[in-house]
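Start counting the sequence shown at 6; every next residue gets the next number (the working numbering). Note that beta-carbon positions come from the ideal geometry of N, C-alpha and C, so glycine has one too. Note sheet for the following structure.
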Amino acid sequence: MDLTHVEWKASLGNHLKTRLEKSNISSSFSQNKKGKEPKSSENWKLISNFPVSFNSLFEIPERSGFHEVTVKTEFSINPDSVLLKLPTAIYFPSIGENWELYLNSFLIRKEKFLIQTDGRDVTPAIRRSLRSVTLPIPFGVLKQGKNTILLSIVGGSNQTPYIQNDHFGFYHADGYKISLLQRIYQSNSEHFNIFLCAIYFIFGVYYILFYTIRKHDLYYLYFGLFLFISSVYFFSSSDLIFKKFINLNSQIDSSPFFRAEYSSLTLILLFFYYFLKHYFYWKERSNVIPNFFVVLLIGLFFAILISPFSWVQVVLKISQISMVFFLVYILSFLVQAVRKKKQDSGKILTGVFVCIIFGIWDLLNSIFEIFGFHYSFFPIVYLFFVLTIINILILKYVRLYKDMELINEELSNQKNAFYRFVPVDFIRIIDKESPISISIGNNKEKSMTILSSDIRNFTNILETISSNQTIAFLNSYLSEMEKIVYEAAGLWINIRGMQYLRFLRIIAKGWKRRISIPPTTPLKLR
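This is the structure:
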């Protein structure tokens, strides 16, 4: 049974006591079947549609503290209704700030905790604004025919004439119903929300830790913080935390959880901007406009955490308006990146546009019920947007890895090419580890043995054979010495001609050990 389709009435003040003292509340209603109200009910106002704010309905002055409103409705149950046979419950998508509910004069739930109980001051000791409230109806309380719900709600007045206190009233367009308990549990599954929060949290922590490995890529850190804050926001704004913790314990103040939701919302765009900035323009400094929004949102973040809760709604609206303007700047930032043909900028810009479109669509659908039912598509679109960015980062890392492999291969080829002409042993002789450490003027005095040889009439021989035959002849000739050089841990310095012999004779004077082979005698090693 959809309770938004039945007639609701509200009156400023607490009228529960006078009505519950009567032995039969339904009989007091039945006396007025033609629409007449008792004299004591002349101030009852009809709630024509949902959502409704009691501050607007009763024109409560701003900053006038807390007020109490009594709400009533009546509905009929057929004798053969399944609601009378199976476990049934009342479901409210939201209710607050303090309240108590009676069904047919039976107390279903009391969440009213006032500082003073004499009725003079209705200031609550703790706030009990709840979401996804399921109130099981004891067997026998619901009856065939007329049934009456009485609801006393305590809430704060508006702090400004432009911003409503959403917690004081019915601020959902639909969802208020009486149904079978099993159907309510089945229709409010939170598995998908758990899945979303888990994805954002896991990838957020992963990219924050990944930044510790690649500290020069700051966009990994900001993207990780963006995902982590998104997980905090979606978790605190979901019904799961209320179902599992807050709704079940009347001693828990709900205001810290709303502060966590609102404050985390202000940081999402901030970290997203820094991710974009360091991804596309990591060498450039931010200009005045984004710095202004960053400082403003950080200030609003702390204001939500420390300001009195009655002002939190005002600060939230200011932050939401600021985020709209900041989002416009981010869009222009991405458009500029697309014009400059920055890689992946087009994909991210498209994703942001799609998220904006579905966010506006969900907002309009919740207000005007375009589909006839309220289902938010934004979390799904947001998930695909996040996965798109993750895919972009993975592909970029793969590209960087492949580029590094190509660079390493090129450096390895250059190294091998260098050592073809300068043996690695020669680098070690001058006490250097690599060719990079060699500079002009480096020298080292060493004592060593040199094996030199000369080929008689080598110049005349070269004139009679081809270049290929020359190379083959030299390789065959030098291979005779290869074993000796290898066993002595020596190296080849192959310089042909008389200049080689003169060079050796000049520097050989200071050597402690040398092998002299007369230039007229061919060397033959076996």
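Just to confirm the assignment: which complete beta strand (DSSP E) runs, minimum length 3, are found wholly within the region 257 to 290?
none
Item to check | Three-state class that DSSP yields for residue 72 in the structure shown | outcome: strand
- Task: State yes or no: is the C-beta of residue 157 within less than 7 Å of the C-beta of residue 21?
- Result: yes
Less than 7 Å between the beta carbons of residue 356 and residue 343, yes or no?
no
### Query
Run through DSSP, which three-state label would residue 333 get?
helix
Sort out for me which residues DSSP pairs residue 351 with in a bridge. For residue 351, which the question treats as bridged, DSSP gives no partner whatsoever.
Please list the segments of the alpha helix (DSSP H) lying wholly inside the region 168 to 242, counting only runs of 4 or more residues, in order along the chain. 186 to 192, 196 to 218 and 223 to 242
Rounded to a whole number of angstroms, what is the C-alpha to C-alpha distance between residue 177 and residue 55? 7 Å
Open item on the list: Suppose you measure from the CA of residue 288 to the CA of residue 410; what does that come to, to the nearest Å?
Closed with: 25 Å
On a Cα-Cα basis, can you pick out the residue from 115, 173 and 7 that is closest to residue 65?
173
Taking 7 Å as the limit between beta carbons, can you name the residues of its chain near residue 236, skipping five residues before and five after? 202, 205, 206 and 209
### Task
Could you give the DSSP three-state label for residue 248: helix, strand or coil?
helix
**Message:** Need the endpoints of the alpha helix (DSSP H) that residue 295 sits in, please.
**Reply:** 293 to 311
- Item | Touching by the beta-carbon criterion (3+ pairs, under 8 Å), the region 231 to 248 and the region 102 to 120 | no
Going by DSSP, name the residue or residues bridged to residue 15.
50 and 76
- In this structure, does DSSP put residue 60 in helix, strand or coil? helix
- [ ] Find the nearest neighbour of residue 241 within the set 293, 73, 136 and 71, judged by alpha-carbon distance.
- [x] 136
Whose C-beta lies closer than 8 Å to the C-beta of residue 221 among residues of the same chain, with five residues either side of it excluded?
-> none
Checklist line | Those residues which DSSP pairs with residue 141 across a bridge | finding: 94
- Task: Throw me the rounded Cβ distance for the residue 18 and residue 73 pair, which I believe falls under 8 Å.
- Result: 6 Å
Open item on the list: Please list the terminal residues of the continuous beta strand (DSSP E) segment that includes residue 105.
Closed with: 103 to 108
**Request:** Return the bridge partner residues of residue 99 from the DSSP annotation.
**Result:** 136
Q: Look up residue 553 in the DSSP assignment and say whether it is helix, strand or coil.
A: This structure cannot settle anything about residue 553, because the visible part of the chain is limited to 6 through 531.
What first and last residue would you give for the beta strand (DSSP E) that runs through residue 153?
150 to 161
Exercise. Shortest alpha-carbon distance to residue 273 belongs to which of 327, 15, 286 and 462?
Worked result: 327
- Start and end of the beta strand (DSSP E) containing residue 111? 111 to 116
Q | Which residues DSSP lists as bridging residue 82, in chain order | A | 150
**Message:** DSSP has residue 119 in a bridge; who is on the other side?
**Reply:** 129
So, with DSSP's three-state summary, where would you put residue 436?
coil
### Task
Answer with buried or exposed for residue 268, where buried requires no fewer than 16 other C-beta atoms within 10 angstroms of its C-beta.
buried
Q) Is residue 360 helix, strand or coil by DSSP? A) helix
C-alpha gap between residue 439 and residue 433, whole angstroms: 8 Å
Exercise. Are the region 137 to 157 and the region 67 to 86 touching by the rule of at least three beta carbon pairs closer than 8 Å?
Worked result: yes
Worksheet entry | Rounded separation between residue 333 and residue 163 - CA only | 29 Å
* Less than 7 Å separating the beta-carbons of residue 183 and residue 322? -> no
*residue 336 versus residue 330: straight-line alpha-carbon distance, rounded*: 10 Å
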